[in-house]
Each structure stands twice: as C-alpha cells, then as structure tokens.
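Following my numbering, the numbering of the sequence shown begins with 168 at its first residue and continues without gaps.
Even glycine gets a Cβ: it sits at the ideal position worked out from N, Cα and C.
What follows is one structure encoded as structure tokens, with my remarks underneath.
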Amino acid sequence: MNGNAAGPSRRHVLMGFGAGAVGALAAGQAGAEAQPQVNDAPQGDAVSTAQRVEFHGRHQAGITTPRPASGILVAFDLAITSLAEFERMMKLLTERARFLTQGGAVPERDPKLPPADSGLLGPHVASDNQTITVSLGDGLFQRFDWLQAHKPRRLQPMVQFPNDALAADLCHGDMTIQFCANLQDTNIHALRDIMKNLSEFLVIRWMQAGDVPPVVPAADGSTPSARNFLGFRDGSANPDSNDAALMESIVWVGAGEGEPDWAEGGSYQVVRLIRNMVERWDRTPLQEQERDFGRRKMSGAPMDGGPGATERDVPDYARDPEGKHTHLQSHIRLANPRTPQTQKNLILRRAFNYSNGVMKNGQLDQGLLFICYQADLEAGFITVQNRLNGELMEEYFKPIGGGYFFTLPGVTGPEDYLASGLISAAKGLL
Ligand code: HEM
C-alpha cells in the first residue's frame, strides 16, 4: 500500500511535481477519500508456474533436465549418528522433495501451531519447474564404518588446483541439494521447507544462489545459449542432454565400471564457486577477451569461423596446429582439444551466474556457480581442470570453493526413496 491517501509528500513536491499537478491531486481528494492503492506484483506466467518435472525415474531430475532460470546449490553437514537415522532422514527428504517438485495444496493446521508451510508461494505450492537433486560427499562416507565400504570408487575430497584460493568454509560437505526452478522464490521456498522438516538432521555449511538470463528464441525457434557475467555465451559446446545414449556414456554411472551396484544410474557432481574479476575484464580489449576464451563474444562463434558463423559451428583444431586462430592456451581449446583420445573427458556443464554484492575491497563479488556432471570424476572434471591449469583466463578466474559429490540414482516410484540402494547395501541386503 502506498501513502497517497495522505496527499502529495514533501518529496514529491521537491522532486519537481509542478504546482498544477499538486493542485489537481488536492482537488481530486476533496470530494471522496482517495482509495489506498494495491501495489501490483510483477506479472507472473501461469504456463511456466505450472511446469512440472517428473520426480520418479531411473535418474534424479536436475541433471539432463533443461536448466531453468534459477538455481541454488546448498551444501549441508548431517547431524546423524546411525544408519537408522540416515534412513529416516532420506525417507523424509524424499517425501518433501516429491511434494515440492510436484506441487499441491498446503494443508491447513490449527492456528495455535506454526503453519505447515512458510507461505512464500501462497496456499498452493506451484511446481514451477522445480527439481531437487541430492548428492553425497566423500566426508560422509569416510565418517561412518557402515558407509565406508560402499563409497563410489572415484569419490574423493576436492583438492586445491594451482589457481585456487579455496576458503575452508566454502568447501566440501556431507550432502548437497541442487534446487532449480523458474523463479528463485520457488527454490527458497523448497529450501526453507526442507530445513524446517529436517531440522534435526541438517546444518547448512555453505550455499550459493545463481541465475541464468532467459533468452528470446530466434526466428527459426532455436534458442542460443545464455551469457555469463563475462558477456560470453556459455553452453555452446555442451554435450546434447537430449541424446540418451550420449548421456549414458558421459553422465550416468553404468554397470561394469567398477562402481558399487547401488551407484548405477547416479553421477559425479562437481561444484566450483569461481569468482570473476569483472572490473579487470571490462577493461580488457575485446580481441584479448576473445583470444582467451577462443570464441567470438557476441555470436559465440569459434575463432576460425567465417562471417555469419554461429556458436553451433565447430572449431577445426587439426587445421590450426599452431593456434593462429584459436590460441593453444585458450579456454575452449584446453577444456576440449577435440581429439579422439579426449572424447572420454567430456562433461555436462550446468552452471549459474552469481552476484553476491560487493566485497570488502569494494570490488563486485560476481562469478560462476560452476556445476558439472560426469560418469567418471577422474576422466571428467579432474582431467579437464588439470588441462586448464595455466590457461589465459586464469587472470580473471579465482575458484574459492566447492567440492566433489556423488549424485544418488533416481527414486523409481512411490515406494522407493533416495539412497535406498546404498542403505540396503549398508544393511548387507544387496
Ligand atoms: C568462471 C568460470 C568459467 C567460465 C566463465 C567459463 C566460460 C566458458 C565459455 C564462455 C565457454 C565457451 C562456450 C561453451 O562452449 O560453453 C566455455 C566452454 C567450456 N568450458 Fe568453461 N568456463 C568456466 C569454467 C570452466 C571450468 C572450471 C571447466 C572445467 C574444468 C570448464 C569447462 C568447459 C568446457 C568443457 C567447455 C567446452 C569446450 C568445447 O567443447 O569447446 N569451464 N566455458
């Protein structure tokens, strides 16, 4: 409600409302008392609010699912002491995730009790493309004898890479939950719901929210990739998440890969909080920016593309062995040299831009909430990051946090729950 019932404020007058306007307002109010005005909410979209991602399946949603505009990655430490408590927690988490992703009416309660829901989304929780993706960290497996023997084979603590400045309070954790939805409020609502309903088990260790700017589709219906906070298109050469066979080989842990049976259908999640030196970047010549990434800034086209090339064009490194077009130390060339040998190092990236205000030194605190998924942590992220050590972009990137986690296989139906396979294995039932 605004204060126009009380007449024009001194500020309005001082801000340059002419005497005529003031006089008209006063005349309008003389006859009838002015009605208080309801502040309209920004207009929502009923179609996107109703978008729903299936919760049940062989894999968890939120990995190959198209990335919506908002995400929050939360790392927790778990206050559990036994396998029975772990099981109770996972069942409760599954129940909440099932409701929050599918949406529904909030139950009414005796007003003498705290309400069942925070109320952030009103009496009906909209699905709004919500996904909730749960992963477990190395520390959790290490802490309990009953989990140790069942640890995914390649899960390990994230170590410091040469360009990192990792802050201990922004790293690792027993469990992550990746919340994604069209609106950030939907993610915040889900986080608050889970924190409240699982308060006896969960302690937040660190979290980072981020966004991806929605892009208007081109005339042919295709949508280009979104821009990151360095102004470049980010996602141009990501493997196609609609290609199920490709995802089987790049993203999902399969049988016969030396992993525990329960882990099949899961994936390794890597999170990196990467600060971008945006002030320095904005003072860097365009040709240097494009050389360092290895792509054209506006179109996203590779450097060896002719006029009219787009981000969908593929660079030909075999014809450019000395890096005359695409610098040998550029981001894309090191990340993916595109040789037959490096095909096994492909990863599925699912990043969000973040902006945390200002740092103590007066610089903007902005960067990339980098998240990627792969079937093999060592062949995937670790190899790619080792190749990127020393890249030209290091001057503008500063990784400050994150960790390695194992994303649990999906919940296959109403009777199943998150980590059911792991828990059966820990009970000696598998
Ligand atoms: C702030 C940090 C980062 C920024 C701003 C960034 C930005 C970009 C941009 C603009 C591209 C080109 C367009 C595209 O294909 O998406 C790209 C490609 C890529 N990035 Fe990054 N990136 C960052 C960190 C990383 C990290 C940490 C990794 C993995 C260790 C990585 C792996 C890749 C890969 C695999 C490609 C595709 C290369 C290709 O296949 O051509 N990026 N990145």
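Classification of Q315 by the beta-carbon crowding that lies within 10 angstroms, buried from 16 upward: exposed
Exposure label - S389; buried when at least 16 CB within 10 Å: exposed
Candidates M257, C338 and S294, of which the one nearest Y325 by Cα: Note that residue 325 is Met in the sequence shown here, rather than Tyr. Comparing Cα positions, the closest option is C338.
Identified DSSP bridge partners for L287: Paired residue(s): none; L287 is not in a bridge.
The stretch 339-355 in contact with the stretch 291-311 per 3-pair CB rule at 8 angstroms: yes
Element boundaries [alpha helix (DSSP H), containing R359]: Q351 to N364
Where P469 sits in the DSSP three-state scheme: strand
Straight-line gap, M444 to K527 (C-alpha atoms, nearest Å): 14 angstroms
Assigned exposure category for M465 - 16 Cβ within 10 Å defines buried: exposed
Neighbourhood of A334 by C-beta distance below 7 angstroms, restricted to the same chain and skipping five residues each side: I567 and G568
Where the alpha helix (DSSP H) containing R372 begins and where it ends: That residue, R372, is in no alpha helix (DSSP H); its beta strand (DSSP E) goes L369 to D378.
heavy atom of ligand 1 below 8 angstroms from M560 C-beta: yes
Assigned exposure category for P233 - 16 Cβ within 10 Å defines buried: exposed
Three-state class that DSSP yields for A422 in the structure shown: coil
C-alpha distance - G377 paired with S237, whole-angstrom precision: 6 angstroms
Rounded Cβ spacing between I230 and V418 (contact assumed at less than 8 angstroms): 6 angstroms
For K565, the residue or residues it bridges with in DSSP: R442
For S587 and A264, the rounded distance between their alpha carbons: 15 angstroms
N-terminal and C-terminal residue of the alpha helix (DSSP H) that T343 is part of: Not the alpha helix (DSSP H): T343 falls in the beta strand (DSSP E), residues M342 to A348.
Closer than 8 angstroms: Q218 CB and nearest ligand 1 heavy atom: no
Environment of K318 [buried if 16+ CB atoms lie within 10 Å]: buried
E221 classed as buried or exposed, judged by whether at least 16 other C-beta atoms fall within 10 angstroms: exposed
Exposure of A193, with buried meaning 16 or more beta-carbon neighbours within 10 Å: Any reading at A193 must be qualified, since the residue scores a pLDDT of 46, below 50, and its modelled position is unreliable; no value is offered.
Cβ distance (whole Å) where I239 is taken to contact N354 below 8 angstroms: 5 angstroms
Beta-bridge pairing of G570 - partner residues as DSSP gives them: V438
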